[in-house]
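Enquirer:
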Amino acid sequence: MNGPHDLGGQMGFGPVAPEKDEPYFHAEWEKRALGVTLTAGAMGAWNIDESRHARESLHPADYYASSYYEIWIKALETLLKRHNFVTENDFKAGDAVDPAATPKRVLRAENVPATLAKGGPCDRPVEGPARFSLGQRVRTKNFHPTGHTRLPRYARGKEGVIDAVRDGFVFPDSNAPGQGENPQRVYTVVFSGGELWGEGADSALEVSIDAWESYLEPA
Amino acid sequence: MSHDHDHDHHHDNELDPMAARVRALETILTRKGLIDPEAIDVIVDTYETKVGPRNGARVVARAWSDPEFADWLKRDATAAIASLGYSGRQGEHMQAVFNTAETHNLVVCTLCSCYPWSVLGLPPVWYKAPPYRSRAVIDPRGVLQEFGLTLAANKKIRVWDSTAELRYLVVPQRPADTDGWSEDKLAELVTRDSMIGTALAREAA
Chain A
557 MNGPHDLGGQ
567 MGFGPVAPEK
577 DEPYFHAEWE
587 KRALGVTLTA
597 GAMGAWNIDE
607 SRHARESLHP
617 ADYYASSYYE
627 IWIKALETLL
637 KRHNFVTEND
647 FKAGDAVDPA
657 ATPKRVLRAE
667 NVPATLAKGG
677 PCDRPVEGPA
687 RFSLGQRVRT
697 KNFHPTGHTR
707 LPRYARGKEG
717 VIDAVRDGFV
727 FPDSNAPGQG
737 ENPQRVYTVV
747 FSGGELWGEG
757 ADSALEVSID
767 AWESYLEPA
Chain B
112 MSHDHDHDHH
122 HDNELDPMAA
132 RVRALETILT
142 RKGLIDPEAI
152 DVIVDTYETK
162 VGPRNGARVV
172 ARAWSDPEFA
182 DWLKRDATAA
192 IASLGYSGRQ
202 GEHMQAVFNT
212 AETHNLVVCT
222 LCSCYPWSVL
232 GLPPVWYKAP
242 PYRSRAVIDP
252 RGVLQEFGLT
262 LAANKKIRVW
272 DSTAELRYLV
282 VPQRPADTDG
292 WSEDKLAELV
302 TRDSMIGTAL
312 AREAA
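Taken in order, these protein sequences are the chains called A and B.
Read in our numbering, the first sequence has 569 at position 13, and its numbers run on one by one without any break.
Read in our numbering, the second sequence has 316 at position 205, and its numbers run on one by one without any break.
Below, the structure written as structure tokens:
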């Protein structure tokens, strides 16, 4: 979707504000927000792509007015409702009122180190040869799906070069709406600054994205 | 373990709406038996005390010291980094990109906040915020200047937009006058920002 999250090349947000000796958390609630998000995710009811899509589906005005942990929490509430773990009644009461769906698992404290250490690898075997090869010129598709995609707007319909042929990975566009992992090979595609930004672009700039095979066509 | 107790980890002003909102959410999920609040404590402790940019600094210092390791890191960063004990969440698929005399590397995630947690820990606020995410791909030199880094106009900039599940670690150039330094001493020169690409490694004092 052409959502508020797709920020590459947008203007008007002002300078970057690096903070000296920045703490990991700026408030106690941010710690709990991180932990609630991870432990709720560990229930296994949604995948990382559905989670990202819930965040980018916030109203743009809300998205831009929210800090990142706020975005996480707002999206988490959507996911919990969608998957019948929490109801409007629960939220209104600020307490457990209605029954909840049964989670696949509950992440207990003693299992946290192993779970974090394991992570969630997204590479999957794919059959057949890679469609594109190192050094090949390709063009990204120009599309505007209403659902989740990981092809940013600034890099659509652009010509670039295959810089790396990667493994197969879970395809976010179908995984986010629960239509299956449908793994595809991923490629790192590099574009010149001029191809992306045209007139006045930095001639010593190159930008790469990681693109699933179906995002690409031969140039 | 009982989940019916109030969990005593909240020190925020009760009037802060986000603090109240997150506390309510944690309470609901805990009382329904869906989450273990003590698991949250362990997660927070992990990213406050165990997993952070010191991990990445060890990787870079090893690469500076050991050409065979550097070569491995170039070919298979996931395995090379795992050999030092750093792997797992948001570091499952790693690629190391090496700064050279000709090219400076910079990492961004324009679509969300993808970041190599296993080697750098949790991302700083600026990395997740719109100014950096919007401008790193169109005006990286301007962004670097806001970090106090001015690159020569003819120095190539390669920006890596982390749009898939690969996570990028920048290996900055080894500072001059560090011949014979131990890995521990070298690691002190490797800052978090130098591994994102918004800074160079510290100079030898």
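Glycine residues also receive a C-beta, built at the ideal position from the N, C-alpha and C atoms.
On a predicted model such as this, the values are computed, not experimentally measured, just so you know.
1) Does B/MET129 have its Cβ less than 8 angstroms from a Cβ in chain A?
2) Comparing the C-beta of B/ASN210 with each C-beta of chain A, is any distance below 8 angstroms?
3) At a cut of 8 angstroms, does the segment 292-306 of chain B reach the segment 160-178 of chain B through at least three beta carbon pairs?
4) Mind checking which residues open and close the beta strand (DSSP E) that includes B/LEU280?
5) Counting only runs that start and end within the segment 683-733 of chain A, where is the alpha helix (DSSP H) found for 4 or more residues in a row?
6) Near A/ILE622, what residues of its chain come up, given a Cβ to Cβ distance below 8 angstroms and the 5 sequence neighbours on each side ignored?
7) Suppose contacts are defined by Cβ-Cβ distances below 8 angstroms. Is A/PHE725 in contact with A/VAL745 by that definition?
8) Can you give the beta carbon distance from A/CYS678 to B/GLU203, rounded, assuming they're within the 8 angstroms contact cut?
9) Can you give the Cα-Cα distance for B/VAL281 and B/ALA212, rounded to whole angstroms?
10) May I ask which residues mark the beginning and end of the alpha helix (DSSP H) holding B/PRO178?
11) Can you find a CB in chain B that lies within less than 8 angstroms of the CB of A/THR595?
12) I'd like to know whether the C-beta of B/LYS266 is nearer than 8 angstroms to at least one C-beta of chain A.
13) Name, going along the chain, the residues of the segment 231-244 of chain B whose beta-carbon falls closer than 8 angstroms to a beta-carbon of chain A.
14) Within 8 angstroms, do at least three Cβ pairs link the segment 743-762 of chain A to the segment 264-280 of chain B?
15) May I ask you to list, following chain order, the residues of the segment 186-209 of chain B that have a beta carbon less than 9 angstroms from some beta carbon of chain A?
16) Give me the Cβ distance between A/PRO733 and A/HIS704, rounded to the nearest whole Å; I'm assuming they're in contact under 8 angstroms.
17) Using the beta-carbon count (16 or more within 10 Å), is A/HIS582 buried or exposed?
18) If you check the beta carbons only, do B/SER273 and A/GLN566 fall under 8 angstroms apart?
19) Excluding the 5 residues preceding and the 5 following B/ASP119 in the sequence, name in chain order all residues of the same chain whose CB lies nearer than 8 angstroms to its CB.
20) Got a sec, what are the start and stop residues for the alpha helix (DSSP H) B/PRO105 sits in?
21) For B/ASP272, which beta-bridge partners are listed by DSSP?
22) Can you give me the start and stop residues for the alpha helix (DSSP H) that B/ARG142 sits inside?
23) Taking B/ALA316 as the reference, which of B/GLY308, B/ILE307, B/ASP290, B/THR309 has the closest Cα?
24) Could you check the C-alpha separation between A/LEU590 and A/ALA573 for me, to the nearest Å?
25) Which residues in the same chain have their Cβ closer than 6 angstroms to the Cβ of A/LYS697, if we skip the five residues on either side of it in sequence?
26) Please classify A/GLY559 as buried or exposed, where buried requires at least 16 other C-beta atoms within 10 Å of its C-beta.
27) Would you decide whether A/LEU690 is buried or exposed? Buried here means 16 or more other CB atoms lie within 10 Å of its CB.
28) Grab me the residues of A/LEU636's own chain with a C-beta within less than 7 angstroms of its C-beta, minus the 5 sequence neighbours each way, in chain order.
29) Check for me: the alpha helix (DSSP H) holding A/SER748 runs from which residue to which?
30) Nearest-angstrom Cα distance between A/VAL694 and A/ARG722?
31) Assuming B/TRP228 contacts B/GLN206 under a Cβ cut-off of 8 angstroms, what Cβ separation, rounded to an integer in Å, is found between them?
32) Could you check whether the Cβ of B/HIS122 sits closer than 8 angstroms to any Cβ belonging to chain A?
33) Report the residue from A/VAL682, A/GLU755, A/ALA767 whose alpha carbon sits nearest the alpha carbon of A/PRO716.
34) According to DSSP, what are the bridge partners of B/THR211?
35) Taking the CB atoms as reference points, tell me whether A/TYR619 and A/HIS561 lie closer together than 8 angstroms.
36) Answer yes or no: do A/TRP585 and A/ARG611 have a C-beta to C-beta separation smaller than 8 angstroms?
Expert: In terms of the structure at hand:
1) Sequence index remark: in the second sequence, residue 129 of chain B carries index 18 (1-based). At least one CB of chain A lies nearer than 8 angstroms to the CB of B/MET129.
2) Sequence index remark: in the second sequence, residue 210 of chain B carries index 99 (1-based). Contact with chain A is absent for B/ASN210, since none of that chain's Cβ atoms lies less than 8 angstroms from the residue's Cβ.
3) Enough Cβ pairs lie closer than 8 angstroms, so yes.
4) Counting from 1 along the second sequence, the entry for residue 280 of chain B is found at position 169. In this chain, the beta strand (DSSP E) harbouring B/LEU280 covers 278-282.
5) Segments of the alpha helix (DSSP H) lying fully in the segment 683-733 of chain A: 728-731.
6) What you label residue 622 of chain A is simply residue 66 of the first sequence in a count that begins at 1. In the sequence on display, residue 622 of chain A carries Ser and not Ile. Result list for A/SER622: LEU614, LYS630, in chain order.
7) On the first sequence, residue 725 of chain A is found 169 positions in, with the first residue counted as 1. On the first sequence, residue 745 of chain A is found 189 positions in, with the first residue counted as 1. Not a contact, by the Cβ cut-off of 8 angstroms.
8) Counting from one through the first sequence, the residue named residue 678 of chain A turns up at place 122. Counting from one through the second sequence, the residue named residue 203 of chain B turns up at place 92. Right, the Cβ-Cβ distance comes to about 7 angstroms (below 8 angstroms), so this counts as a contact.
9) Taking the first residue of the second sequence as position 1, residue 281 of chain B is located at position 170. Taking the first residue of the second sequence as position 1, residue 212 of chain B is located at position 101. Answer to the nearest angstrom: the Cα atoms are 14 angstroms apart.
10) Stepping through the second sequence from its first residue, residue 178 of chain B is reached at position 67. Per DSSP, B/PRO178 belongs to the alpha helix (DSSP H) from 178-186.
11) Position 39 of the first sequence, counting from 1, holds the residue named residue 595 of chain A. Yes, contact with chain B.
12) Sequence index remark: in the second sequence, residue 266 of chain B carries index 155 (1-based). With 8 angstroms as the cut-off, B/LYS266 counts as an interface residue toward chain A.
13) The segment 231-244 of chain B vs chain A, Cβ under 8 angstroms: GLY232, LEU233, PRO235, VAL236, TRP237, LYS239, ALA240, PRO241, PRO242, TYR243, ARG244.
14) The segment 264-280 of chain B, when compared against the segment 743-762 of chain A, does touch it at the 8 angstroms Cβ threshold.
15) Here the close residues are SER198, GLY199, ARG200, GLN201, GLY202, GLU203, HIS204, GLN206.
16) Residue numbering aside, residue 733 of chain A sits at position 177 when the first sequence is read from its first letter. Residue numbering aside, residue 704 of chain A sits at position 148 when the first sequence is read from its first letter. The beta-carbon separation of A/PRO733 and A/HIS704, rounded to 7 angstroms, stays under the 8 angstroms limit for a contact.
17) For the purposes of this step, residue 582 of chain A is identified with residue 26 of the first sequence, where counting begins at 1. Answer is exposed; the Cβ neighbour count stays below 16.
18) Working through the second sequence from its first residue, we reach residue 273 of chain B at position 162. Working through the first sequence from its first residue, we reach residue 566 of chain A at position 10. With respect to A/GLN566, B/SER273 sits apart: the two C-beta atoms are not nearer than 8 angstroms.
19) The residue given as residue 119 of chain B occupies position 8 in the second sequence. Caution is warranted here: a pLDDT of 46 is assigned to B/ASP119, below 50, making its placement in the model unreliable, and the coordinate value is therefore given only provisionally. Cβ neighbours of B/ASP119 beyond the five flanking positions: none.
20) Nothing about residue 105 of chain B can be reported from this structure: the residues present for chain B run from 112 to 316 only.
21) Residue mapping note: residue 272 of chain B aligns to position 161 of the second sequence, counting from 1. Bridge pairing for B/ASP272: A/ILE765, B/VAL219 [DSSP].
22) Translated into the one-based positions of the second sequence, residue 142 of chain B becomes position 31. Taken as a continuous stretch (DSSP letters only), the alpha helix (DSSP H) holding B/ARG142 covers 128-142.
23) For this step, residue 316 of chain B is matched to residue 205 along the second sequence. Ranking the options by Cα distance to B/ALA316, first place goes to B/ASP290.
24) Locating residue 590 of chain A in the first sequence gives position 34, where the first residue counts as 1. Locating residue 573 of chain A in the first sequence gives position 17, where the first residue counts as 1. Cα to Cα, the separation comes out at about 22 angstroms.
25) The count along the first sequence starts at 1 and reaches residue 697 of chain A at position 141. If we look at A/LYS697 and ignore the five residues flanking it on each side, its Cβ neighbours are TYR771.
26) As a position in the first sequence, residue 559 of chain A is number 3, starting the count at 1. Label assigned to A/GLY559: buried.
27) Residue numbering aside, residue 690 of chain A sits at position 134 when the first sequence is read from its first letter. A residue is called buried when at least 16 other Cβ atoms come within 10 angstroms of its Cβ; A/LEU690 does not meet this threshold and is exposed.
28) Locating residue 636 of chain A in the first sequence gives position 80, counting from the first residue. ALA596, VAL642, listed in sequence order.
29) Translated into positions along the first sequence, residue 748 of chain A becomes position 192. It is not in any alpha helix (DSSP H) - A/SER748 instead sits in the beta strand (DSSP E) that spans 740-748.
30) As a first step, residue 694 of chain A must be located in the first sequence, where it is residue number 138. As a first step, residue 722 of chain A must be located in the first sequence, where it is residue number 166. CA-to-CA, the gap between A/VAL694 and A/ARG722 works out to about 15 angstroms.
31) On the second sequence, residue 228 of chain B is found 117 positions in, with the first residue counted as 1. On the second sequence, residue 206 of chain B is found 95 positions in, with the first residue counted as 1. Wrong, their Cβ atoms sit about 15 angstroms apart, outside the cutoff.
32) Indexing the second sequence from 1 puts residue 122 of chain B at position 11. Note on B/HIS122: pLDDT 49, under 50, position unreliable in the model; no value is reported.
33) Locating residue 716 of chain A in the first sequence gives position 160, where the first residue counts as 1. Here residue 716 of chain A turns out to be Gly, not Pro, going by the sequence shown. Ranking the options by Cα distance to A/GLY716, first place goes to A/ALA767.
34) Position 100 of the second sequence, counting from 1, holds the residue named residue 211 of chain B. In DSSP, B/THR211 forms no bridge with anything.
35) By one-based count along the first sequence, residue 619 of chain A stands at place 63. By one-based count along the first sequence, residue 561 of chain A stands at place 5. If you check the CB distance, A/TYR619 and A/HIS561 come in under 8 angstroms.
36) For the purposes of this step, residue 585 of chain A is taken as the residue at position 29 of the first sequence. For the purposes of this step, residue 611 of chain A is taken as the residue at position 55 of the first sequence. No, Cβ-Cβ distance for A/TRP585 and A/ARG611 is not below 8 angstroms.
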